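Let me begin by presenting the structure, written as structure tokens, before commenting on it.
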Amino acid sequence: MTQRTTDAREEPATYDVAATEQKWQPVWEKLDPFRADDSSPREKRYALTMFPYPSGDLHMGHAEVTALHDVIARYWWQKGYEVLNPMGWDSFGLPAENAAIRNDAHPADYTYGNIATQLESFQKYAVSFDWSRRFNTSDPSYYRWTQWLFLKLREQGLAYRKNSPVNWCPHDQTVLANEQVVDGACERCGAEVTKRELTQWYFRTTAYAQELLDCLDDLQPTWPAKVINAQRNWIGRSEGAHVDFVVEGRPEPLTVYTTRPDTLFGATFMVVAADAALAGELVTDEHRGALDDYLVEVRKETEINRLSTDRPKTGVFLGVHAVNPLTGARIPVYAADYVLADYGTGAIMAVPAQDQRDWDFATAFDLPIVRTVQPPADWEGLDTMAFTGDGPAINSANDEIDLSGMGVVEAKSTTIAYLEAKSLGRGTVNFRLRDWLLSRQRYWGAPIPIIHCPVDGEVPVPEDQLPVELPELRGADLKPKGTSPLGAATDWLNVACPTCGGPATRDTDTMDTFVDSSWYFFRYVSPHDDSQAFDPEKARAWGPIDLYVGGDEHAVLHLLYARFFTKALRDIGLVDWDEPFTSYLSQGKVINNGRKMSKSLGNGINLGDQLAEFGVDAVRLTLVFASPPEDNIDWADVSPGGSLRFLQRAWRLSGDVTSEPGADPATGDTGLRKLTHKTVHEAEVLIEKHRFNVMVARTMELVNATRKAIDSGSGGADPAVREAAETVAILLSLVAPYTAEEMWERLGHRPTVARVGWPVVDPALLVEESVTAVVQVQGKVRARLEVAPDITEGDLEALAMDDPTVVAAIDGREVRKVVVRAPKLVNIVV
């Protein structure tokens, strides 16, 4: 640290950033100020940020989310709460494994090497994590309990195995859950996703579909609207009916789901998903060859292409007919690619007049089109397109039911009542949400704890044999090939059946990494307990999480899975939470020059380079000050150099204070004291509202005012200056911990400033004796009046109209309107 200069022509005093960081890291490590105490009598708060994948060192995204998160965690400590703020690593799964393969390393070596690197970086970055609770999801001591929870869910009927068409990523050579397919592509690698028929493991997320939807109402006040809406849309509740169609040659009816049973009179054909098992059951021998040929082409298409409305409609006739239950008409049954096998029953009733894809198919195959909803008189698409809006029912009557003239709601309920009375169908609630496909054909994941026996079938691994550890497979080729590498580990694969003792084999799939991250927040409450997944009493004491911080990319995936797991564990009796995350803060991204950072674009920003050039505090301050948390930060538009200069100005305040610690600030500058207490009060409000950037701005204003007070003649001897400087140090401890700690030491205090407590605000100092009222004439400011804060609108208007400058601006013209917003604004229109 350099000495403060007395020569005004020289550079102001500053400090060595790198030396300061090296100085305080071992001090904090020894003090361990953020270790959460389970037995503390203080009110508990649980702060959590999404843990990282260890596929490399920390990057700008990690820097942003942890800087934002740390403002809240440190603020809670200062407010006197006992704070659980843990961190670990989401170290299983595709990101870590793919990174290891790219670097020609074994996943364990590469992953744990990166964890050590990230730990060192995190500690340098000075985030207030309780490092005593850290763990990795790839540790056997952790995934033992992931496997145990899988078996518990299976006991409840929430985990099961079935054969079905699944999403297949040709690049990663593994299946994907529906939530991991974005616009027809793998959300990990971007490859186009295809379909395969495989036997896979699922979690029955649909068992909680309604509750997952209903609880969003409770979360709406404290979660971002875009995240709430994304989950609502993904769960996708719709009300309609299951309708039974008699099919030629089939003893049981074919049931389809429709959200518009009122349009049943317009169903002129049926469509079955070409790749559904149902198509193979219905097709006649005469048409089977055509279906087989068509299937070859269908399997080349992505799901997003199949659902597109602007591509030509193709299909094949299956050689059978069904009967429309309301019209009695004999209607043909086709197989086509625009219906998906996993939607409803894999079949639809086609109403071409009310659905554009059905219209296009009917047009291509010369099938009847019957309108059952009357379009508006001025609608221009009568002969060219389907009408999907609301309107009165038409062409919708038989001898027993007549919907003519009814609106959609009435026509739907009338139709459903008729179908139920005639045993032809039933009212039904359907969800877009599908069960979670969790098995992966990859090496680096928690093995599924099931043994397959030719005699006893699926046999769970006994609890006392958990964890089922991954074999090391040193030297093996772990590149994805479409089947799990574990199948080649014969010593690991072949085991005795726990039930009959005969020869059996382990399940060779591993669990999706999102299984690990769906319950990790429970493990943090007792991370080293080897007798149970987590301590229910400690979970009750700490949970649910008071604030969760993460990115929008998890709006559906991780958040939905974590919510499902919480509800399932509640029903098993392990927790009493309904929801895991009481409040959720979604942060934006760090971009550069208006675009996402990318090596190929040459616009990447290396976090390590930024830290080396400007220091941890300047980078953290820049990320917090740049914008509200939910907005993107364009690194090209910010100034870490400017942040560093501000921090140096704040640090210099502490060196200019000459009053002794404990000096009574009441004897000091009243104006500065008022600003100090107002700043603390506003900072508290702003932090609670997650307006961290404005809180930093207020701190900057206090720094400037304190410097002005020092330079104006009173100098650093004024106790109010000390109070202001100490307040700056405490506020900066939330954002720039190294600078704050240096200030606190220079002000004569022992470390650590992070735990000294939030400054107490004197309400008397918040009372404004006067405020400045702005007077505008024709939108231009003509006067500023000092008025009482509680002045009435009438009195403020009178003062404004009597002001000589205002009178001159009006210049005798007629006053048409006066808008008064006491005590701060008068707007005069002439």
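Quick note, the sequence shown lines up with residues 1 to 830 if you use the UniProt record's numbering.
Note that beta-carbon positions come from the ideal geometry of N, C-alpha and C, so glycine has one too.
Predicted, not measured: the structure shown is a model, and the values here were computed from it.
Cβ shell of residue i (< 7 Å), same chain only, five flanking positions each side left out
| i | result |
| --- | --- |
| residue 759 | 680, 727, 730 |
| residue 539 | 522, 525, 575 |
| residue 628 | 691, 693 |
| residue 598 | 604 |
| residue 54 | 89, 91, 96, 111, 114, 115, 118 |
| residue 739 | 617, 647, 650, 651, 732 |
| residue 782 | 775, 776, 805, 806, 809 |
Residue burial classification, residue i (beta-carbon count within 10 angstroms, cutoff 16)
| i | result |
| --- | --- |
| residue 422 | exposed |
| residue 379 | exposed |
| residue 58 | buried |
| residue 602 | exposed |
| residue 42 | exposed |
| residue 563 | buried |
| residue 296 | exposed |
| residue 567 | buried |
| residue 673 | buried |
| residue 186 | buried |
| residue 814 | exposed |
| residue 412 | buried |
| residue 82 | buried |
| residue 167 | buried |
| residue 816 | exposed |
| residue 606 | exposed |
| residue 437 | buried |
Cβ distance (whole Å) where residue i is taken to contact residue j below 8 Å
| i | j | result |
| --- | --- | --- |
| residue 634 | residue 594 | 6 Å |
| residue 115 | residue 136 | 6 Å |
| residue 160 | residue 202 | 6 Å |
| residue 668 | residue 721 | 7 Å |
| residue 725 | residue 699 | That pair is no contact at about 12 Å. |
| residue 386 | residue 332 | Not really, about 19 Å apart at Cβ, beyond 8 Å. |
| residue 278 | residue 346 | 5 Å |
Distance cut-off 7 Å: residue i Cβ against heavy atoms of the ligand SAM
| i | result |
| --- | --- |
| residue 393 | By its list of ligands, the structure shown contains no ligand whatsoever, and the ligand SAM lies outside what it can speak to. |
Selected residue, minimal CA-CA separation from residue i, among the options
| i | options | result |
| --- | --- | --- |
| residue 390 | 41, 401, 370, 262 | 262 |
| residue 250 | 806, 737, 300, 323 | 323 |
| residue 799 | 810, 665, 786, 473 | 786 |
| residue 204 | 162, 171, 242 | 162 |
| residue 770 | 278, 721, 796, 722 | 796 |
| residue 831 | 28, 231, 65, 22 | The question about residue 831 has no answer, for the chain in this structure spans 1 to 830. |
| residue 534 | 720, 636, 171, 148 | 148 |
| residue 507 | 440, 703, 290 | 440 |
| residue 232 | 222, 215, 241 | 215 |
| residue 547 | 30, 18, 45, 29 | 45 |
| residue 68 | 762, 748, 689, 749 | 689 |
| residue 328 | 221, 78, 400 | 400 |
| residue 429 | 240, 768, 388, 788 | 240 |
| residue 374 | 133, 396, 120 | 396 |
| residue 836 | 60, 40, 107 | There is simply no residue 836 to check, as the chain begins at 1 and stops at 830 in what is shown. |
Close beta carbons around residue i, own chain, < 6 Å, minus the five adjacent residues each side
| i | result |
| --- | --- |
| residue 791 | 822, 823 |
| residue 365 | none |
| residue 244 | 253, 255, 424, 425 |
| residue 464 | none |
| residue 565 | 518, 519 |
| residue 626 | 633, 638 |
| residue 194 | 168 |
Same chain, Cβ closer than 8 Å to residue i, neighbours up to 5 away in sequence not counted
| i | result |
| --- | --- |
| residue 9 | With a pLDDT of 38 at residue 9, under the threshold of 50, the modelled position of that residue is not reliable, and no figure is offered here. |
| residue 471 | 486, 489, 491, 492 |
| residue 780 | 809 |
Residue-chain proximity (residue i, chain B), Cβ-Cβ < 8 Å
| i | result |
| --- | --- |
| residue 588 | Annotation note: the requested chain B is absent from the structure, which comprises a single protein chain. |
Worksheet item: Is the segment 99 to 119 close to the segment 150 to 160, with three or more CB pairs under 8 Å?
Response: no
Worksheet item: Counting Cβ pairs, one atom from each stretch, are 3 or more of them under 8 Å apart for the segment 226 to 233 and the segment 547 to 563?
Response: yes
Worksheet entry | Cβ contact check for the segment 255 to 269 and the segment 349 to 363: 3 or more pairs under 8 Å | yes
Fill in: Any 3 or more C-beta pairs closer than 8 Å across the segment 504 to 517 and the segment 441 to 450
yes
Discussion item. Contact between the segment 27 to 41 and the segment 582 to 596 is defined here as three or more beta-carbon pairs at a separation below 8 Å; is this criterion met?
Written reply: no
Worksheet item: Counting Cβ pairs, one atom from each stretch, are 3 or more of them under 8 Å apart for the segment 170 to 187 and the segment 404 to 414?
Response: no
Worksheet item: Given 8 Å as the limit, is there contact between the segment 67 to 80 and the segment 127 to 146, that is, 3 or more CB pairs closer than that?
Response: yes
Discussion item. Quick check: the segment 455 to 466 against the segment 497 to 509, are at least 3 beta-carbon pairs closer than 8 Å?
Written reply: yes
Fill in: Touch test, the segment 771 to 779 against the segment 799 to 816, Cβ-Cβ under 8 Å, three pairs minimum
yes
Worksheet item: Is there contact between the segment 681 to 690 and the segment 654 to 667, where contact requires at least three CB pairs shorter than 8 Å?
Response: no
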